[in-house]
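Protein chains in written order, with our numbering: chain A, 5 to 233; chain B, 74 to 112.
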Amino acid sequence: MKRAFPILAVLTAALLSYALYEALVVAPTDAMQGDVYRIIYYHVPSAWTMFVFFIVNFVASVVYLVRRSAKADAVAVAAAEVGVVFCSVVLVTGPLWARPVWGIWWTWDVRLTSTLVLWLIYVSYLMLRRFAGGGQMPVLAAALAVFGALDMPLVYFSIWFFRTQHPQPVVGGGGSIDPRMLHVWLLNWLAFLCFGGLVFWSRYRLEVLQQEVDEAEALQSLLEPRGAR
Amino acid sequence: MNFLYAAYAATWLIHIGYLVTLARRYARLRGKIRELAKR
Numbered sequence: 005m006k007r008a009f010p011i012l013a014v015l016t017a018a019l020l021s022y023a024l025y026e027a028l029v030v031a032p033t034d035a036m037q038g039d040v041y042r043i044i045y046y047h048v049p050s051a052w053t054m055f056v057f058f059i060v061n062f063v064a065s066v067v068y069l070v071r072r073s074a075k076a077d078a079v080a081v082a083a084a085e086v087g088v089v090f091c092s093v094v095l096v097t098g099p100l101w102a103r104p105v106w107g108i109w110w111t112w113d114v115r116l117t118s119t120l121v122l123w124l125i126y127v128s129y130l131m132l133r134r135f136a137g138g139g140q141m142p143v144l145a146a147a148l149a150v151f152g153a154l155d156m157p158l159v160y161f162s163i164w165f166f167r168t169q170h171p172q173p174v175v176g177g178g179g180s181i182d183p184r185m186l187h188v189w190l191l192n193w194l195a196f197l198c199f200g201g202l203v204f205w206s207r208y209r210l211e212v213l214q215q216e217v218d219e220a221e222a223l224q225s226l227l228e229p230r231g232a233r
Numbered sequence: 074m075n076f077l078y079a080a081y082a083a084t085w086l087i088h089i090g091y092l093v094t095l096a097r098r099y100a101r102l103r104g105k106i107r108e109l110a111k112r
């Protein structure tokens with residue numbers, strides 16, 4: 005992976021540029037919303053990518069609780085961080101789309117509120133990891149991640165079960181979408197998945213390296229003579 | 074159109090901001106590793 009990383013980074017950059025071109029130039033303009041609907045090509049793929057990383061975090065947290073594997077812990081923290089970044093994108097692009105289309109920046113409906121709560125849960129998870137000390141911290145963080153993941157189905161299914169301002173899904177929800185729009189949509193999702201995957205890999209490597217440094221420091225402090233410190 | 078460009082710009086600002094923090098953390102950790110190797 006180390007050797008392939010620069011090649012994959014270049015390929016991902018090319019894919020993102022091509023997907024951006026398709027989103028801004030090639031995709032047809034929406035008859036109702038005009039060009040502003042093109043926010044969909046960043047907003048929805050970011051939301052789907054966010055779900056992928058939060059699910060990875062959930063699975064890794066369960067694995068950590070069962071096996072106490074340091075690698076699972078590293079996967080969990082890396083996935084949570086990348087997921088929070090994508091969730092931030094969703095929470096910023098959403099209001100920027102809502103203002104010209106709905107006439108409001110924000111409304112406290114179930115989809116929007118549960119997404120904000122999801123973001124707050126994972127920010128709390130990262131803060132717990134950053135500021136809590138002691139050997140039990142990864143266990144507490146993993147437990148929080150497992151319970152935090154319960155908000156994900158609420159976010160996803162809220163538009164089916166509740167009357168919300170947020171529109172019904174046009175993919176997989178009985179709606180319809182122009183095939184050219186769907187193609188650009190999926191292309192952007194693929195591009196963001198590849199980008200997110202590379203960022204996740206970098207963050208995971210950083211976490212593993214951090215664990216090794218922490219171990220080496222602890223070992224060195226044990227081996228050093230008392231007067232030397 | 075302004076909202077569209079604002080949304081795309083905000084997306085990349087968030088991603089680039091995060092990449093910068095990652096690069097900084099890598100640099101800090103490399104410094105720590107050098108320090109450990111010296112001891």
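Every residue gets a Cβ at the ideal spot worked out from N, C-alpha and C, and that includes glycine. Quantities reported herein were computed from a predicted structural model and do not represent experimental measurements.
I'd like to know whether the C-beta of residue i is nearer than 8 angstroms to at least one C-beta of chain A.
i                     : result
residue 83 (chain B)  : yes
residue 105 (chain B) : yes
residue 80 (chain B)  : yes
residue 112 (chain B) : yes
residue 89 (chain B)  : no
Flag residue i as yes if its beta-carbon sits less than 8 angstroms from any beta-carbon of chain B, otherwise no.
i                     : result
residue 21 (chain A)  : no
residue 40 (chain A)  : yes
residue 234 (chain A) : With chain A covering only 5 through 233, there is no way to say anything about residue 234 (chain A).
residue 184 (chain A) : no
residue 10 (chain A)  : no
residue 46 (chain A)  : yes
residue 214 (chain A) : yes
residue 224 (chain A) : yes
residue 148 (chain A) : no
residue 43 (chain A)  : yes
residue 60 (chain A)  : no
residue 217 (chain A) : yes
residue 101 (chain A) : yes
residue 26 (chain A)  : no
Suppose contacts are defined by Cβ-Cβ distances below 8 angstroms. Is residue i in contact with residue j by that definition?
i                     : j                     : result
residue 212 (chain A) : residue 78 (chain A)  : yes
residue 74 (chain B)  : residue 34 (chain A)  : no
residue 80 (chain A)  : residue 149 (chain A) : yes
residue 119 (chain A) : residue 83 (chain B)  : no
residue 151 (chain A) : residue 57 (chain A)  : no
residue 7 (chain A)   : residue 28 (chain A)  : no
residue 13 (chain A)  : residue 144 (chain A) : no
residue 86 (chain A)  : residue 102 (chain B) : no
residue 156 (chain A) : residue 122 (chain A) : yes
From residue i to residue j, what distance separates their C-alpha atoms?
i                     : j                     : result
residue 111 (chain A) : residue 88 (chain B)  : 26 angstroms
residue 65 (chain A)  : residue 32 (chain A)  : 42 angstroms
residue 48 (chain A)  : residue 195 (chain A) : 13 angstroms
residue 169 (chain A) : residue 71 (chain A)  : 43 angstroms
residue 225 (chain A) : residue 112 (chain B) : 11 angstroms
residue 220 (chain A) : residue 90 (chain A)  : 33 angstroms
residue 9 (chain A)   : residue 199 (chain A) : 11 angstroms
residue 93 (chain A)  : residue 5 (chain A)   : 27 angstroms
residue 138 (chain A) : residue 84 (chain A)  : 20 angstroms
residue 184 (chain A) : residue 37 (chain A)  : 17 angstroms
residue 158 (chain A) : residue 117 (chain A) : 10 angstroms
residue 30 (chain A)  : residue 95 (chain B)  : 34 angstroms
Relative to the ligand ATP, is the shortest distance from any of its heavy atoms to the C-beta of residue i smaller than 7 angstroms?
i                    : result
residue 94 (chain A) : Only the bare structure without any ligand can be found here, which leaves the ligand ATP out of the picture.
Length-filtered (4 minimum) alpha helix (DSSP H) runs lying within the region 44 to 130 of chain A: 44 to 71, 74 to 106
Is there contact here, the region 125 to 132 of chain A with the region 96 to 116 of chain A, by at least three beta-carbon pairs under 8 angstroms? no
Looking at C-beta atoms only, is the number of pairs between the region 77 to 92 of chain B and the region 186 to 194 of chain A that lie closer than 8 angstroms three or more? no
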